[in-house]
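Colleague: Submitted below is the structure of interest, expressed as structure tokens.
Numbering (the numbering used here), first residue to last: 871 to 1141.
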């Protein structure tokens, strides 16, 4: 099944070390031989969908070669690729604050799955800001998402946003420059972070927030967090009010760019 990486594999997972694909999100040593597939370093598999499942340290993936049978993989062992040439954005140095007037949606009052619709609420805020008349609120958007798949699925989010006429990409090479470049264009940025555990060792199945601005000093970002005010140092939440919170780069960085300083997950929208 595996093959060397090449430019044609625009949507692939690349093994950074000898590792496994698994039928269950468990340690490879606890799985039977038929429940795992050894993948040598440097091999790649083309994917159709990748899903962050709340509470799981593994990601679920549907591969192009076996679309009907999902696999699981440990993300620290892999590089997720969805562009043949990784994009490098260089943003100009910022010397003043900038906050976009993005509406705030809390996921806590969502009509469906309020504890797991952070991705949808964050994308709904993006959509409402860029296309004012597109939705009345995040419940409208969530209904569209579930027509395409699950709320935690990036492919379902992209399809839903595109239904409303918004051009978007799901990226896994995000840096501070990526965010600054989008903000300079007047575009807020949904980002996927690890919200549990201490900042020195963040954990969690994944949580989504949206960056709506930056501070004057450049030391932090203004975010709408759909679940509340995140304790960036210790993990967990300080309150249920996540509107226009300032999250410092120092403590947000390890939760967003987990593998390197260009490994952040984000949604890139185009005007």
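All C-beta atoms in this analysis are idealised placements derived from N, C-alpha and C, irrespective of residue type, glycine included. As the structure is a prediction and not an experimental result, all values here were calculated from the model.
Helix, strand or coil for residue 1139? Go by DSSP, reduced to three states.
Modeller: Counting from one through the chain shown, the residue named residue 1139 turns up at place 269. Looking at residue 1139 - three-state DSSP - the assignment turns out to be strand.
Colleague: Could you spell out the range, first to last residue, of the alpha helix (DSSP H) harbouring residue 1029?
Modeller: Taking the first residue of the chain shown as position 1, residue 1029 is located at position 159. 1024–1033 is the extent of the alpha helix (DSSP H) around residue 1029.
Colleague: Quick one: which unbroken beta strand (DSSP E) runs of 3-plus residues sit fully inside the segment 1052–1118? Chain order, please.
Modeller: As far as the segment 1052–1118 is concerned, its whole beta strand (DSSP E) runs of at least 3 residues are 1059–1063, 1077–1084, 1090–1094, 1107–1109, 1115–1118.
Colleague: Between the beta-carbon of residue 932 and the beta-carbon of residue 944, is there less than 8 Å?
Modeller: As a first step, residue 932 must be located in the chain shown, where it is residue number 62. As a first step, residue 944 must be located in the chain shown, where it is residue number 74. No; because the gap between Cβ atoms is not below 8 Å, this pair is not in contact.
Colleague: Here's a check: name, in chain order, each residue in its chain whose Cβ is nearer than 7 Å to the Cβ of residue 941, leaving out the five neighbours to either side.
Modeller: In the chain shown, the residue the question calls residue 941 occupies position 71. So the list reads 891, 892, 893, 931, 933, once near-sequence residues are dropped.
Colleague: To the nearest angstrom, how far is it from the Cα of residue 1045 to the Cα of residue 1061?
Modeller: Within the chain shown, numbered from 1, the residue matching residue 1045 stands at position 175. Within the chain shown, numbered from 1, the residue matching residue 1061 stands at position 191. Distance between the alpha carbons of residue 1045 and residue 1061 is about 11 Å.
Colleague: What would DSSP say about residue 961, mapped onto helix, strand or coil?
Modeller: For this step, residue 961 is matched to residue 91 along the chain shown. Its pLDDT being 49, under 50, residue 961 is placed unreliably in this model, and the coordinates cannot settle the point.
Colleague: Ordered along the chain, which non-local residues of its own chain (more than five positions away) have a Cβ less than 7 Å from that of residue 1124?
Modeller: The residue labelled residue 1124 in the question sits at position 254 within the chain shown. So the qualifying residues of the chain are 1069, 1072.
Colleague: List the residues that DSSP assigns as beta-bridge partners of residue 883.
Modeller: Within the chain shown, the letter at position 13 stands for residue 883. Per DSSP, 915, 950.
Colleague: What first and last residue would you give for the alpha helix (DSSP H) that runs through residue 994?
Modeller: Mapped onto the chain shown, residue 994 falls at position 124. Residue 994 -> alpha helix (DSSP H) spans 988–1000.
Colleague: Are there 16 or more other CB atoms within 10 angstroms of the CB of residue 1116, so buried, or fewer, so exposed?
Modeller: Sequence index remark: in the chain shown, residue 1116 carries index 246 (1-based). With fewer than 16 Cβ atoms within 10 Å of its Cβ, residue 1116 is classed as exposed.
Colleague: Look up residue 1021 in the DSSP assignment and say whether it is helix, strand or coil.
Modeller: Within the chain shown, the letter at position 151 stands for residue 1021. Three-state result, residue 1021: coil.
Colleague: When the Cα atoms are used, what is the spatial distance from residue 1081 to residue 1091?
Modeller: Residue mapping note: residue 1081 aligns to position 211 of the chain shown, counting from 1. Residue mapping note: residue 1091 aligns to position 221 of the chain shown, counting from 1. Cα to Cα, the separation comes out at about 7 Å.
Colleague: Under three-state DSSP, which class holds residue 903?
Modeller: Here residue 903 refers to the residue found at position 33 of the chain shown. In this structure, residue 903 counts as helix in the three-state DSSP scheme.
Colleague: Determine the direct distance from the alpha carbon of residue 972 to that of residue 1141, and round the result to whole angstroms.
Modeller: For the purposes of this step, residue 1141 is taken as residue 271 along the chain shown, with counting starting at 1. For the purposes of this step, residue 972 is taken as residue 102 along the chain shown, with counting starting at 1. Using only the alpha carbons, I get a separation of about 15 Å.
Colleague: When the Cα of residue 1128 is compared with those of 1043, 1051, 1084, which residue comes out closest?
Modeller: Taking the chain shown and counting its residues from 1, the one referred to as residue 1128 is at position 258. Nearest of 1043, 1051, 1084 to residue 1128, Cα basis: 1043.
Colleague: Would you mind working out which of 1133, 918, 939 sits nearest residue 1047, comparing C-alpha positions?
Modeller: One-based indexing of the chain shown puts residue 1047 at position 177. Measuring from the Cα of residue 1047, the nearest candidate turns out to be 1133.
Colleague: Please confirm if the segment 993–1009 is in contact with the segment 968–984, defined as three or more CB-CB distances below 8 Å between the two stretches.
Modeller: Verdict: yes, contact present.
Colleague: Taking the beta strand (DSSP E) that residue 889 belongs to, which residues open and close that run?
Modeller: Numbered from its first residue, the chain shown carries residue 889 at position 19. Its beta strand (DSSP E) spans residues 889–892.
Colleague: Restricting to Cα atoms, I'd like to know which of 987, 882, 897 is closest to residue 916.
Modeller: Within the chain shown, residue 916 is the residue found at index 46, counting from 1. The shortest Cα separation from residue 916 among 987, 882, 897 belongs to 882.
Colleague: Quick check on this structure: which residue in 1039, 1054, 989 has the alpha carbon closest to the alpha carbon of residue 1097?
Modeller: Sequence index remark: in the chain shown, residue 1097 carries index 227 (1-based). Of the listed residues, the one whose Cα sits closest to residue 1097 is 989.
Colleague: Which of the three DSSP states is assigned to residue 1122 in this structure?
Modeller: Mapped onto the chain shown, residue 1122 falls at position 252. Three-state result, residue 1122: helix.
Colleague: Could you give the DSSP three-state label for residue 929: helix, strand or coil?
Modeller: The residue given as residue 929 occupies position 59 in the chain shown. Looking at residue 929 - three-state DSSP - the assignment turns out to be strand.
Colleague: Taking 8 Å as the cut-off, decide whether the C-beta atoms of residue 947 and residue 886 are in contact.
Modeller: Taking the chain shown and counting its residues from 1, the one referred to as residue 947 is at position 77. Taking the chain shown and counting its residues from 1, the one referred to as residue 886 is at position 16. Yes, the Cβ-Cβ distance between residue 947 and residue 886 is below 8 Å.
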